[in-house]
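Heads up, the thing below is written out as structure tokens.
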Amino acid sequence: MLIKPAPDILPSEITPRAVFDDRRRIVLRAGLGLAAGAALWPAAIPRARAASLGSLPSPFSTDEAPTKLDAVTGYNNFYEFGTDKGDPARNAGKMALRPWTLQVEGLVGRPRTFDIDELLKLAPLEERIYRMRCVEGWSMVIPWNGFPLAALLKQVEPLGSAKYAEFLTHYDPEIMLRRPVLHWPYAEGLRLDEAMHPLTLLTLGLYGEPLLPQNGAPVRLVVPWKYGFKSAKSIVRIRVVEKQPATAWNLAAPQEYGFYSNVNPAVAHPRWSQASERRIGEFRKRPTLPFNGYAEQVASLYQGMDLRADF
Ligand code: MTE
27 MLIKPAPDIL PSEITPRAVF DDRRRIVLRA GLGLAAGAAL WPAAIPRARA ASLGSLPSPF
87 STDEAPTKLD AVTGYNNFYE FGTDKGDPAR NAGKMALRPW TLQVEGLVGR PRTFDIDELL
147 KLAPLEERIY RMRCVEGWSM VIPWNGFPLA ALLKQVEPLG SAKYAEFLTH YDPEIMLRRP
207 VLHWPYAEGL RLDEAMHPLT LLTLGLYGEP LLPQNGAPVR LVVPWKYGFK SAKSIVRIRV
267 VEKQPATAWN LAAPQEYGFY SNVNPAVAHP RWSQASERRI GEFRKRPTLP FNGYAEQVAS
327 LYQGMDLRAD F
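Counting from 27, one number per residue, gives the positions in the sequence shown under my numbering.
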């Protein structure tokens, strides 16, 4: 039998949904915290065609059915490559993914620059099947592969004066939009306790394979209790700072996109309600949950805050 080496695998061959679901059931049955090792792979799946990244299952994963891979990789927001949903899949392939470094600096004891291949080995990769909710009213369920951002931040030792983390992304005017649709480079920010929260994922893959360019390769943030725009793609620099950093969408329209941007069905966007959402692949609308369903894990971060004012 011909077994292809990983780099030759076409995106269309990546773990089909049915196989993925099957494998997940098996992994879950094997118990959380166990590595998805060789013994757990159904014999029918040739190893090389199954997920190449190898990840541990996570208790933070939802049981909901993951959105189809072609929607996850074909219906995107990555404004640097165009504002239509199909533009990132068409245009982001121009981005060179190697060499790539992620610089972590600012109010830290040990500033460091990580090479992307070093980053892939920094901590055990986990499979996190997260609900994702876009401010535009659609949602997906995505099996991400990554590790908690906290594992990276701990390595650089944030100082006592550090309060926020700022995420700066790749910007190359030769291949990306020059029109100032947003302020480039796209920037995002989190309060340091949000950044260190175990749900905040430094993400290197999805569906068990390295991220595709349109999803923010080679490294992005995923913050599942916030609207999708907080999850910055193609990050090159993280700055640990004292003051709340400026963020791309907040700069573009502060009355529409607050710094916190927690998914909140009770706080409408000025131009539309946030009470419900349409899961990609479904027709019916479903109610949007506070903190996108992660309230139990994250609501305590916002105790004492007025989330209508600090939206
Ligand atoms: N990151 C960068 N660099 N540029 C962007 O335009 N869009 C954001 C976020 N991260 C964006 C970005 C928005 S609005 C959303 S909804 C999510 O990425 C979409 O991620 P996905 O396309 O992987 O689903």
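Where is the CB? At the ideal position from N, CA and C, for every residue including glycine. Quick caveat, the model's predicted, so the values are computed rather than measured.
Handout entry: Ser260: CB within 7 Å of a non-hydrogen atom of the ligand MTE
Key = yes
Practice task
Check the C-beta distance from Val245 over to Val182 and give it rounded, since I have them as a contact under 8 Å.
Solution key: Actually they are not in contact, since the Cβ atoms of Val245 and Val182 sit about 15 Å apart, beyond 8 Å.
Practice task
Measure the CB-CB distance between Ser81 and Gly234 and report whether it falls below 8 Å.
Solution key: yes
Exercise for the section: Mind the definition here: the segment 131–145 touches the segment 279–289 only if three or more C-beta pairs lie below 8 Å; say whether that holds. Expected result: no
Problem - Endpoints, beta strand (DSSP E) assigned at Arg116 - result: It is not in any beta strand (DSSP E) - Arg116 instead sits in the alpha helix (DSSP H) that spans Asp113 to Asn117.
Problem - Segment limits, alpha helix (DSSP H) that includes Trp275 - result: Ala274 to Ala278
Practice task
Would you grab the beta carbon distance between Leu148 and Phe173 for me? Rounded to a whole angstrom, and I think it's under 8 Å.
Solution key: 7 Å
Problem - Spatial distance of Arg168 from Asp332 (CA atoms) - result: As written in the sequence, residue 168 is Ile, which differs from the Arg given in the question. Going from the Cα of Ile168 to the Cα of Asp332 covers about 30 Å.
Handout entry: Contact belief for Gln240 with Ala77 at Cβ below 8 Å, rounded distance in angstroms
Key = No, Gln240 and Ala77 are not in contact; Cβ-Cβ is about 19 Å, not under 8 Å.
Practice task
Please state if the CB of Phe337 and the CB of Gly242 are separated by a distance shorter than 8 Å.
Solution key: no
Handout entry: Rounded C-alpha distance that separates Pro137 from Asn318
Key = 33 Å
Exercise for the section: Could you pull the start and end residues of the alpha helix (DSSP H) that Leu216 belongs to? Expected result: Counting along the chain, Leu216 falls outside any alpha helix (DSSP H), though it belongs to the beta strand (DSSP E) covering Ala213 to Arg217.
Handout entry: Per-residue burial, Trp298 [other beta carbons within 10 Å of its own, 16 or more giving buried]
Key = exposed
Practice task
Give me the Cβ distance between Ser302 and Met121, rounded to the nearest whole Å; I'm assuming they're in contact under 8 Å.
Solution key: Contact flag wrong, Cβ pair sits at about 34 Å.
Handout entry: Sequence-distant residues of its chain with Cβ nearer than 8 Å to Pro33 (five each side left out)
Key = The predicted model places Pro33 with a pLDDT of 38, which falls under 50 and marks its position as unreliable; any figure quoted below should be read in that light. If we look at Pro33 and ignore the five residues flanking it on each side, it has no Cβ neighbours.
Exercise for the section: Leaving out five residues on either side along the sequence, give the residues of the same chain with a beta carbon under 6 Å from the beta carbon of Pro211. Expected result: Leu194, Thr195 and Tyr197
Practice task
Write down every uninterrupted run of the beta strand (DSSP E) in the segment 151–192 whose length is 3 residues or greater and which is fully enclosed by it, in chain order.
Solution key: 152–159 and 164–174
Exercise for the section: Kindly indicate which residue of Thr226, Val134 and Ala325 has the alpha-carbon position closest to the one of Asn290. Expected result: Ala325
Handout entry: Any non-hydrogen atom of the ligand MTE within 7 Å of Tyr286 CB
Key = no
Exercise for the section: Please go through the same chain and pick out, in chain order, the residues whose beta-carbon is closer than 8 Å to the beta-carbon of Ala176, but skip the five residues on each side of it. Expected result: Ala221, Met222, His223, Pro224 and Thr226
Practice task
Could you check if Val248 is buried or exposed, using at least 16 other CB atoms within 10 Å of its CB as the buried criterion?
Solution key: buried
Practice task
Taking only heavy atoms of the ligand MTE into account, decide whether any of them is closer than 7 Å to the Cβ of Gly242.
Solution key: yes
Handout entry: Inter-residue spacing [alpha-carbon to alpha-carbon] between Met158 and Ala321
Key = 14 Å
Practice task
May I ask whether a heavy atom of the ligand MTE can be found less than 7 Å away from the beta carbon of Gly108?
Solution key: no
Exercise for the section: Check whether the Cβ of Met202 sits closer than 7 Å to any heavy atom of the ligand MTE, and report yes or no. Expected result: no
Exercise for the section: Would you check whether the ligand MTE has a heavy atom nearer than 7 Å to the C-beta of Gly307? Expected result: no
Problem - Pair within 8 Å by beta-carbon distance, Val98 and Leu237 - result: no
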